[in-house]
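Every position in the sequence shown, counted from 1, becomes a number in this note's numbering once 87 is added. Backbone N, C-alpha and C fix where the C-beta goes; we use that ideal spot for every residue, glycine too. The next block holds one structure in the form of structure tokens; read it before the comments.
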Amino acid sequence: MAYGHPWPRPRVEDPAPIGGRGQSGDHVDLETQAPVEASQLDEMSADAAAQRLAETLATSTRFVNKPLYQLVDIDLSRDHLAATVALTDFISYALTLDLLEGELLDGLADGRPIRPGTLPLRDRYLPSLGAVIEVNRRLCAGGPLALFAAARPGSRARRGEADYVMLVQERSARVLNSARRLAVIPKSFHEPLVDFSDDAQLSATLERELEEELFGHTELDATEGERRSADPLHLSRLSAPMRWLIDHADTERWRMECTGFGLNLVSGNFEFASLIAIEDEEWWASFGGQVEANWESEGLRRYSTRDRKGLARLVHDATWSNEGLFAFLQGLRRLAEAGTGRVNLPSTELEM
Numbered sequence: 088m089a090y091g092h093p094w095p096r097p098r099v100e101d102p103a104p105i106g107g108r109g110q111s112g113d114h115v116d117l118e119t120q121a122p123v124e125a126s127q128l129d130e131m132s133a134d135a136a137a138q139r140l141a142e143t144l145a146t147s148t149r150f151v152n153k154p155l156y157q158l159v160d161i162d163l164s165r166d167h168l169a170a171t172v173a174l175t176d177f178i179s180y181a182l183t184l185d186l187l188e189g190e191l192l193d194g195l196a197d198g199r200p201i202r203p204g205t206l207p208l209r210d211r212y213l214p215s216l217g218a219v220i221e222v223n224r225r226l227c228a229g230g231p232l233a234l235f236a237a238a239r240p241g242s243r244a245r246r247g248e249a250d251y252v253m254l255v256q257e258r259s260a261r262v263l264n265s266a267r268r269l270a271v272i273p274k275s276f277h278e279p280l281v282d283f284s285d286d287a288q289l290s291a292t293l294e295r296e297l298e299e300e301l302f303g304h305t306e307l308d309a310t311e312g313e314r315r316s317a318d319p320l321h322l323s324r325l326s327a328p329m330r331w332l333i334d335h336a337d338t339e340r341w342r343m344e345c346t347g348f349g350l351n352l353v354s355g356n357f358e359f360a361s362l363i364a365i366e367d368e369e370w371w372a373s374f375g376g377q378v379e380a381n382w383e384s385e386g387l388r389r390y391s392t393r394d395r396k397g398l399a400r401l402v403h404d405a406t407w408s409n410e411g412l413f414a415f416l417q418g419l420r421r422l423a424e425a426g427t428g429r430v431n432l433p434s435t436e437l438e439m
């Protein structure tokens, strides 16, 4: 199984809130110094890193070294989400632990037995379950990813039944993570924007990625050169869809929730599965036409929570990224349990 849960997760019946601006929710502290230094490369790992760099050049993959948060500690319960992070940089991750999935897939394709000694990069960076869990003793990058769902009124096509519209992306070949895979959107590494302490909150990353990946705020793209704005998410700079959300942050018109936490056993990444649910039908009626995926997606799919058969087919699509499918299913379960009368979803059960 590629997705583990070594720490307590929030119960889906009582998901942990992720507060946006003006809301209470997650609390993430920033340590001033990383607990462990980046791994020194030996000959084998240096060759693998050089090959990764050559591949990014050959495939025109966007590769920019920026500060990145690494997980140091986590405290998660049914109504509480707290964590500690430290700073690292993207290249330290991309040339080490991010190589593990490719090595595993190559080993499976070659028919190699998957055991200690046959995957040298995994033996070096993530040799045991203990190494996965002890995030304070290794580089553990990752971030939040969220199922986006917006309420819509009934229509003739849906026989007058109200629903949520949900968005799923097909990841571009130009991204380094989950390329050509299905994933929920937004999906991001947890990284700072301009304020390293305030931006450590998961809500800050989710809000930024909403604005960048779906609402067209290209200035927030970390691959587009240096940032010079002191406050790129200032109210005066926000898109109209995001400004509406911020203006209604203290109401029940929309919410962000953590629906699950896990450590990815393939890559060692931390993943905060989340749900962004907009309950006010006014939002989609006003802004649905402005929602458009950025360059990180090759395509954007739209699904109705009333389309039971279509969703059942989607769940069994072989092109899902493992963390994307987990976040999607957790989001579906939460929408079904919310009891809003907008859903007709296939039954899903979480096995531990």
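Which residue wins for smallest C-alpha separation from residue i, given the options the options?
i, options, result
"V353", "N409, H304, T346, T310", "N409"
"A228", "A336, A238, R245, Y156", "Y156"
"E188", "A266, R239, R245", "A266"
"T305", "L293, R421, S326", "S326"
"T406", "P207, R268, L362", "R268"
"L437", "T427, G428, R421, R429", "R421"
"L332", "F348, E294, R165", "E294"
"A399", "E190, L416, F276, A317", "L416"
"C345", "S126, E248, L163", "L163"
"P273", "G411, V219, I201", "G411"
"F276", "E296, A137, L184", "E296"
"I105", "E424, L432, G198, L362", "L362"
"L158", "L216, D210, P231, I178", "P231"
"F374", "R330, P319, L280", "R330"
"L128", "L263, H335, A137", "A137"
"N152", "D134, S179, I161, A135", "S179"
"R388", "E248, L234, L216, A372", "L234"
"A360", "T435, A414, A291, T148", "A414"
"A260", "T119, G386, D404, T175", "G386"
"H167", "F348, L320, G376", "F348"
"P451", "R139, T435, P328, D176", "Nothing about residue 451 can be read from this structure; the chain reaches only from 88 to 439."
"R165", "D193, G198, G194, A103", "A103"
"W371", "D308, E257, A249, L401", "A249"
"P122", "N431, D160, S316", "D160"
"L186", "T119, A196, L432, L213", "L213"
"L289", "L263, R246, R314, M343", "M343"
"R149", "V262, H403, I220", "V262"
"T427", "V219, A237, G194, D134", "A237"
"L182", "L322, S132, L350, R199", "S132"
Counting along the chain, where does the beta strand (DSSP E) carrying residue i start and finish?
i, result
"Q157", "154-164"
"V172", "167-176"
"I105", "From DSSP, I105 is part of no beta strand (DSSP E); its letter is neither H nor E."
"L362", "357-365"
"P231", "229-239"
"R393", "Neither: R393 is in no beta strand (DSSP E) and is coded neither H nor E."
"D116", "114-117"
Assuming residue i is part of the alpha helix (DSSP H), what are its boundary residues?
i, result
"V219", "216-220"
"G189", "187-197"
"N409", "409-425"
"Q138", "130-145"
"T406", "Element bounds for T406: n/a, residue is neither H nor E."
"E294", "289-296"
"R209", "207-212"
Can you name the residues that DSSP bridges to residue i?
i, result
"E257", "L269, G386"
"Y251", "A238"
Q: Mind the definition here: the segment 218-232 touches the segment 341-361 only if three or more C-beta pairs lie below 8 Å; say whether that holds.
A: yes
Q. Do three or more CB pairs link the segment 294-314 to the segment 375-393 at distances below 8 Å?
A. yes
Q. Using 8 Å as the threshold, is the segment 361-375 in touch with the segment 335-350, meaning 3 or more CB pairs across them?
A. yes
Q) Taking three-plus beta-carbon pairs below 8 Å as touching, is the segment 390-400 in contact with the segment 244-254? A) yes
Q) Counting pairs of Cβ atoms below 8 Å between the segment 164-176 and the segment 112-121, do you hit three or more? A) yes
Q) Does the segment 277-286 come close enough to the segment 237-248 that 3 or more CB-CB pairs lie under 8 Å? A) no
Q. Going along the chain, which unbroken runs of the beta strand (DSSP E) with 3 or more residues stay wholly within the segment 317-381?
A. Within the segment 317-381, the beta strand (DSSP E) runs of at least 3 residues that lie entirely inside it are, in chain order, 341-351, 357-365.
Q. Would the segment 196-214 and the segment 139-157 be scored as touching if the rule is three or more Cβ pairs under 8 Å?
A. no
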